[in-house]
Every structure is written in C-alpha cells, then in structure tokens.
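For what it's worth, the working numbering labels the leading residue of the sequence shown as 43, then goes sequentially.
Using N, Cα and C, we set each Cβ at its ideal position, and we do this for glycine too.
Structure first, then comments.
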Amino acid sequence: MPLILSAVLIAIAVSLDGLVVGAAYGAQRIRLHAAGFGIIGATSAVIVAVAQAAGGRVAAWLPPEWAGRLGGLMLIGVGVTFLWQQRASRAAPGRDGVARGSRVVQIWRAPEAADADRSGTIDLREALTLGLALSMDAFGAGLGAAIGGWGGTLLPWFVGLAQITFVACGRFLGRRALAPIAARLGVLPALLLIAVGLARLA
C-alpha cells in the first residue's frame, strides 16, 4: 500500500470519532473556539508522533517481514478494541446516570462531559482533555503503523488536520439536527483500521 494512502486511511480511521463528538457539541450548542480546535489537532499529532517514535524503536529490533505483520496485527487489534469500546459506550451508565471511569474515558463515552464547568464553552484546558480522549485509539494505531513501516512523517500532520476537520464537520451536522448521520459512522473507524491491517497481512 502506498505510503501516503496508508497515512490518509489511518488518519481518517483514528479521527472519525471526532465527527460524532462534534455532532454532539453542535446539537447541544456547546461552543469550541479556534484555539480549542488547534489544541485538539496538536494533541492528536503529538500523540501519534510519540507512538511512531516508540514503534520505530520496536521495528528496529525486528526483521522487516515480522515488523510488517506485527504492525498489521496491531492495527487489527486497535480496530477490534474500537468496536468493543463502541459497544461499551452504549451500555447503561451508573445509578446516578453518569458514565464511569477516568475523565478521558468519560469524555469518550459522553462528549458533553468535556464541558466540566457546564459553561457551554470548551475552554483551553477542557480542549486538551478532549484531545487526549480523541487520541486514545490514535496512539495504538500510530504505534502499529510505525512498526509496519507506514505513514512516515506525514501521519501526525494528517491525523491532526483530520481531527480538526471531523470535529468541525460534526458540529456543522449537529447544529442542523443531522447528528444521527454522524452516529451511524461509529463503526467505520474500526473497519478502516482492520482493513488496513488485513491489507498488510495479505
């Protein structure tokens, strides 16, 4: 698979959850300023870059063929985990109606939880936490991509831009009562990662 194509597909796969999050904010009229978008994109890019650095060190110790297969298996694993998370996010919340788990996990399950002070605006600190939540799957995908030898130095940039783009598009859909369209794409990121991983193993 060409380097740029693999980078684009992985970036789309790990950023599509931003579409769902953005739709939730648009529907609830939660504001997110330009600086917040920048923090979300930068956080995702940095996390992928760190994952790539770690993956590159692992790949250096492996024969090229093994590294490619391990990278493919890791992408498939991230995709399967994403599917499991999607199922878990639809599970019933706690008795008080609040999603359980760390702050990042709460935001992943209920995007409105990022607005901790209920101000109706995502401030810069909340945007950083939101960026971390949206990057949970990006780290594993970046690690697998680096081990497999895909994406190159373009991947962090693509992921950052894709994350900003999908959150913005999601807000557009949510503000126009089209959030269900974004919600139907919930499993697409997992399927894309699994497809890229299988292509490497073929």
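Suppose contacts are defined by Cβ-Cβ distances below 9 Å. Is residue i in contact with residue j by that definition?
i, j, result
"Gly251", "Arg218", "Nothing in the structure corresponds to residue 251, since the chain is present only between 43 and 244."
"Leu185", "Ala96", "yes"
"Ala101", "Gly194", "no"
"Ala169", "Ala183", "no"
"Leu196", "Ile54", "no"
"Phe79", "Ala210", "yes"
"Phe181", "Val62", "no"
"Gln70", "Ala188", "no"
Where do the N-terminal and C-terminal ends of the alpha helix (DSSP H) with residue i fall, by residue?
i, result
"Ala55", "45–57"
List the whole-angstrom C-beta distance separating residue i from residue j, where the pair is believed to meet the contact cut-off of C-beta under 8 Å.
i, j, result
"Asp179", "Val120", "6 Å"
"Ile52", "Trp192", "7 Å"
"Arg213", "Leu74", "7 Å"
"Val201", "Ala87", "6 Å"
"Leu243", "Arg111", "6 Å"
"Pro231", "Val56", "7 Å"
Is residue i near the ligand COA, with its Cβ less than 8 Å from a heavy atom?
i, result
"Gly216", "As for the ligand COA, it is missing from this structure, which has no ligand bound."
Residue ranges of each alpha helix (DSSP H) run of no fewer than 4 residues wholly in the region 157–203, ordered along the chain?
166–176, 178–190
Pair every Cβ in the region 113–129 with every Cβ in the region 203–217, then say whether three or more of these pairs are closer than 8 Å.
no
Decide if the region 230–237 is in contact with the region 72–85; the criterion is three or more beta carbon pairs, one per stretch, under 8 Å apart.
Contact check between the region 230–237 and the region 72–85: fewer than three CB pairs, one atom from each, fall below 8 Å, which does not count as touching.
What are the complete alpha helix (DSSP H) segments, minimum 4 residues, inside the region 67–118?
76–101
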